[in-house]
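Residue numbers for the sequence shown follow my numbering, beginning at 72 and rising by one.
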Amino acid sequence: MTWIDEAILVLNRIQNEQSDNIEKAAAIAADAIGGGGVVHTFGTGHSRIPVEEMFPRYGSFPGFHPIVELSMTFHTEISGANGQRQAMFIERVPGLAEVILSNFKLRPTDAIMIFSASGRNAVPVETAMVAKAAGLKVIAVTSGTEGKTVPPTHSSGTILSDHADVVIDLCTPLGDAAVTIDGWSNKVGPVSTVANVAIVNSLKVLTAQKLADRGIELPVLTGAQIVGQEVSEELFEKAYLEHAKRKSDVLRVDA
């Protein structure tokens, strides 16, 4: 099978098996955003990608607050300073999640969406633990196959999904790579990114509809080719200012 064939299988599984969980997550998001709050989005490693896909992107709207640490997501250097070894080490450091989240007011009226394919590294696991203890609803997007197959590595003996109110399964194969290559020992072609992007955009659309059903409309980042340059610029400005307001409300500035 080709990579596209494998990706389609994953997407079909998400649609058939995870629609209810995505619906539940969208309800949590609509409650938080509709109430004037935020849904924090967090990921380490390549799980940065769905964080950026959620907001800011064309066709997205404010209310989703991205939290990404460059030290754990800057992968293009690969070796040397700022290299992959350091990034993979840092995301396994206990206690770091609490330090990261200490920059924000963790309000029970908000929520957090945490992306981690393995669901085992200390930072995403402890991010969920800290947020849950603060009363936030926790949405985990992770691989059920990894969680069921690979033993936990965190000192608590738990994985990300153990601390979530809603778990959305990426429906990806063990190890993520999906395509067998004749003459090679290991599979090639990860599918977690396409799975993550499908999940966040599905959730984004459902959240928008739930907000619309409540009479709430937020500015959507829309290209000039659709609405004209002037309107496009106005929408971007409104969206950025709305995001800035919501972000300022959760930034912790006191000692």
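Just so it is clear, CB atoms sit at the ideal spot from N, CA and C, and this is done for glycine as well.
| Query | Result |
| --- | --- |
| Straight-line gap, Ser-227 to Ile-297 (C-alpha atoms, nearest Å) | 50 Å |
| Contact under 7 Å by Cβ, Ile-161 with Met-184 | no |
| Straight-line gap, Ser-256 to Trp-74 (C-alpha atoms, nearest Å) | 17 Å |
| Nearest residue (CA-CA) to Thr-278, options Ala-96, Pro-223, Gly-166 and Asn-92 | Ala-96 |
| Boundaries of the beta strand (DSSP E) in which Lys-208 is found, first to last residue | 208-213 |
| Length-filtered (4 minimum) alpha helix (DSSP H) runs lying within the region 141-171 | 155-161 |
| Other residues of its chain near Lys-281: CB distance less than 7 Å, five sequence neighbours each side excluded | Ala-97, Ala-98 and Ala-101 |
| Ala-249 (DSSP reduced to helix, strand or coil) | strand |
| Proximity winner among His-225, Ile-239 and Phe-132, relative to Ile-287 (alpha-carbon distances) | Phe-132 |
| Identified DSSP bridge partners for Thr-278 | DSSP, once it has assigned bridges, lists no residue as partnering Thr-278. |
| Option in Ile-270, Ser-273, His-111 and Gln-300 with minimal Cα separation from Asp-320 | His-111 |
| Element boundaries [alpha helix (DSSP H), containing Val-291] | Note, Val-291: premise wrong, no alpha helix (DSSP H); not H, not E. |
| Validate contact between the region 233-240 and the region 210-221 using beta carbons, cut 8 Å, 3 pairs | yes |
| Beta-carbon gap between Val-262 and His-225 smaller than 7 Å | no |
| C-beta contact flag for Gln-157 and Ile-149 at 7 Å | no |
| Residues bridged to Thr-112 [DSSP beta-bridge criterion] | Pro-137 and Met-184 |
| With 16 other Cβ atoms within 10 Å as the buried cut-off, status of Gly-218 | buried |
| Integer Cβ distance of Val-265 from Glu-124, believed to fall under 8 Å | The pair is not a contact, with the Cβ atoms about 11 Å apart (cut-off 8 Å). |
| Beta bridge counterpart(s) of Leu-322 as assigned by DSSP | Phe-175 |
| Cβ-Cβ distance between Thr-180 and Gly-114 below 7 Å | no |
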